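Asker:
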Amino acid sequence: MSEQQVQVAIVGGGIAGLWVLNRLQKAGYDCVLVEQGKIGQGQTLASQGIIHGGLKYALNGVLSPASSAIADMPDRWRSCLDGTGELDLRNVRVLSPNYYMWSDGSVRSRFKTFLGSKALRGRIDALKPDDYPAFFQQATSGGTRGTLYQLTDFVVDTPSLLESLSSAHSDRIRQCQRIELGDKLLRLTEGDEQTVLRCRMTILCAGAGNEALLASWSAAPQVNKPAMQRRPLHMVAVRLDHPLPAYVHCVGDSFGMTPRLTVTCHPVKTPETNEWVWYLGGELAESGVGLPDTQQHQRAEQELNRLFPWVNTSGANWQSIHVDRAEPAIADLRRPDTAHVSRCDSLLVCWPTKLTLCPDLGDTVLKQVAETLTPAGQDAAPLLQSLPAASLASAPWEALR
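Residues 4 to 404 in our numbering are what the sequence shown lists, from first letter to last.
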C-alpha cells in the first residue's frame, strides 16, 4: 500500500469534474481527479450538448427561476470558446452556432404573444422565411406551416469538449476500479494495489455515483449527507440519410415546461456519406420512460414524420438510449433550478444538474475551496503512477455509425 497527499481530490470524470479540475488548477490548487470508468461515460455523453439560456423552461408562459438562473450561460460559454473566458475552450467543436424553436401551425396566439413579449426581448427572435437556415428552407418550399424562432442557445460537440478539458491536465486524471470515501482521504484500489490519497478537501462530481459514495462514507453521525433523485429519460438516436442537420425545439399547441421534441444532429464519421445521427429528446424522452424500445422508436418516427414531412425516415436505423438524470433530491421529483453544491465538512457534493450550468458550478466550488485552502502551486500534485490514465468514452450513439 502506498500513500500520497494532495490538496483537492475530485471524484468523477464527467463534464462537472473536469470543469472543476480545470478551474481549480488554473487558480493554483494542487488537484487530482479519479474516475472509475471512462471519461464522460454516463450523463455527459448522453446529453445533447445544448448550451441554453433557459428559455425552454418558460414554455408554460412564465419566466421561472430555472429560466432566469441560466440566462447568462450562453455568453459565459461563448467567452470560453473564443479564449477570453475562465477556461480556454478554443479547441471545442461547435456543431451549430444557433439553436432554434419551431412552432407548427397549430400554436395558439396567446403563446405567440408570450414569445414576442418584452420579457423575452434579446433572447428569442422570430425569423422571416427568407432568413431560415437551410434545413427549414425545405419546410417553406414544401408548404409546411409554422414559425421559426432563433434563440441565444447553441450546440457543442460533447466528445471534443471532454477531450479539450481532459487533455489540459491528463497527468492528473486517473482511472481506478474501486474508490472508497474516507475522512479526508480516498482509498483507491486497482487490482492488487491500494493507494491512500490524503486530501484537504474532496469533491464528489460522480453524477449518479455520488449516491453510492455517500452511502458508504463512514462520516460522523452529525454530518447531514445530501440525498439524490433520479429523473429518467428514454432518448432515441436515429441515423438518417438526409444532407442537412437540424438543431431545434419543437413546440405544440399547449403550454408546458418541456418542448414536445428536442433535436440535435451529430455527423456520421464517414467521408462518403451525408448521413447524420439525429438525437431526440424533450417530452418524447420523458413520456417514453418504461416503454419498450420498439414502441418508443415508432413514436419517434411518427413525430419526425409529422413535424418534418420533408425528411425521409424509411430504412433508418434506430437506437434507444436510457439515461438517469442524477440530481439533488427535491420534493415531487421537480427539476432543480441551479447547479448544486452541498458542503459536509471537508467534502463538497456537486450536481451541475445541466451541462449549461457548469460555469456556475465552477464559481461555487472555487469560492468554497478558497474559504478553506490557499493555492499550493501547480507542480506539487502526485502523479499517481500506480493508477492507469483514464481514457475517453465514446458517445452512446456511436453504434449507429
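Here a beta-carbon is modelled for each residue, glycine too, at the ideal position from N, C-alpha and C.
Computed from a predicted model, the values in this text were never measured in an experiment.
(1) When the distance is taken between beta carbons, is residue 281 closer than 8 Å to residue 300?
(2) How close, in whole Å, do the beta carbons of residue 361 and residue 105 come, if the pair is a contact with beta carbons under 8 Å?
(3) Please look up how many angstroms separate the CB atoms of residue 176 and residue 169, rounded, as I've assumed it's under 8 Å.
(4) Look at the Cβ atom of residue 396, then the Cβ atom of residue 42, and state whether they are nearer than 8 Å.
(5) Distance, Cα to Cα, residue 20 vs residue 185?
(6) So which of 357, 375, 344 has the shortest CA-CA distance to residue 367?
(7) Could you tell me which residues DSSP pairs with residue 261 in its beta bridges?
(8) Could you give the distance in angstroms between the alpha-carbon of residue 251 and the alpha-carbon of residue 152?
(9) Taking DSSP's pairing of strands, which residues face residue 323 in a bridge?
(10) Using a threshold of 8 Å, state whether the C-beta atoms of residue 226 and residue 353 are closer than that.
(11) Have a look at 139, 189, 316 and flag the residue whose alpha-carbon is nearest the alpha-carbon of residue 216.
(12) Going by C-alpha distance, which of 365, 399, 373, 315 is nearest residue 141?
(13) For residue 183, collect the residues of the same chain with a Cβ closer than 6 Å to its Cβ; drop the 5 residues on either side in sequence, then sort them by chain order.
(14) May I have the straight-line CA-CA distance separating residue 383 from residue 58, to the nearest angstrom?
(15) Under a three-way DSSP split, which group does residue 217 fall into?
(16) Terminal residues of the continuous alpha helix (DSSP H) containing residue 372?
(17) What separation, rounded to the nearest whole angstrom, lies between the Cα atoms of residue 34 and residue 365?
(18) Given this structure, state the Cα-to-Cα distance separating residue 1 from residue 328, to the nearest angstrom.
(19) Jot down the residue ranges of each uninterrupted beta strand (DSSP E) in the region 144-193, minimum 3 residues, whole runs only, in chain order.
(20) Relative to the C-alpha of residue 391, which residue among 156, 174, 137 is closest?
(21) Quick check: the Cα distance between residue 229 and residue 331, rounded to an integer number of angstroms?
(22) Count the other C-beta atoms from every protein chain shown that fall within 10 angstroms of the C-beta of residue 4, then say buried if there are 16 or more, exposed otherwise.
(23) Using beta-carbon positions only, say whether residue 262 and residue 254 come within less than 8 Å of one another.
(24) Between 138, 356, 350, 398, which has its C-alpha nearest residue 11's C-alpha?
(25) Excluding sequence positions up to five away, which residues of its chain have a Cβ less than 8 Å from the Cβ of residue 376?
(26) As a quick exercise: from 126, 158, 306, pick the residue whose alpha carbon is nearest that of residue 101.
(27) What residue does the beta strand (DSSP E) around residue 35 start on, and which one ends it?
(28) Rounding to the nearest angstrom, what Cα-Cα distance links residue 311 and residue 242 in this structure?
(29) Reducing DSSP to helix, strand and coil, say where residue 289 ends up.
(30) Residue 299 lies in the alpha helix (DSSP H); which residues open and close that run?
Answerer: Taking the structure as given:
(1) no
(2) The pair is not a contact, with the Cβ atoms about 27 Å apart (cut-off 8 Å).
(3) 6 Å between Cβ atoms; contact.
(4) yes
(5) Taking the straight line joining both Cα atoms gives about 19 Å.
(6) 344
(7) DSSP output for residue 261 lists no bridge partner at all.
(8) 9 Å
(9) According to DSSP, which records beta bridges pairwise, residue 323 is partnered with 239.
(10) 8 Å or more divides the Cβ of residue 226 from the Cβ of residue 353.
(11) Of 139, 189, 316, the residue nearest in Cα terms is 189.
(12) 315
(13) 190
(14) Per-residue confidence for residue 383 stands at a pLDDT of 49, beneath the threshold of 50, marking its modelled position as unreliable; the derived number appears in the next sentence. Computed Cα separation, rounded: 43 Å.
(15) Reduced to three states, the DSSP call for residue 217 is helix.
(16) 361-373
(17) 14 Å
(18) Limits of the chain in this structure are 4 at one end and 404 at the other, which puts residue 1 out of reach.
(19) 149-154, 157-159, 176-178, 181-185, 188-193
(20) The shortest C-alpha separation from residue 391 is found at 174.
(21) As the crow flies, the alpha-carbon of residue 229 is around 7 Å from that of residue 331.
(22) exposed
(23) yes
(24) Closest option to residue 11, judged by alpha-carbon separation, among 138, 356, 350, 398: 350.
(25) Annotation for residue 376: 10, 11, 32, 203, 204 place their beta carbon closer than 8 Å to its own, counting only its chain and skipping 5 residues before and after.
(26) 158
(27) 34-38
(28) 15 Å
(29) helix
(30) 296-310
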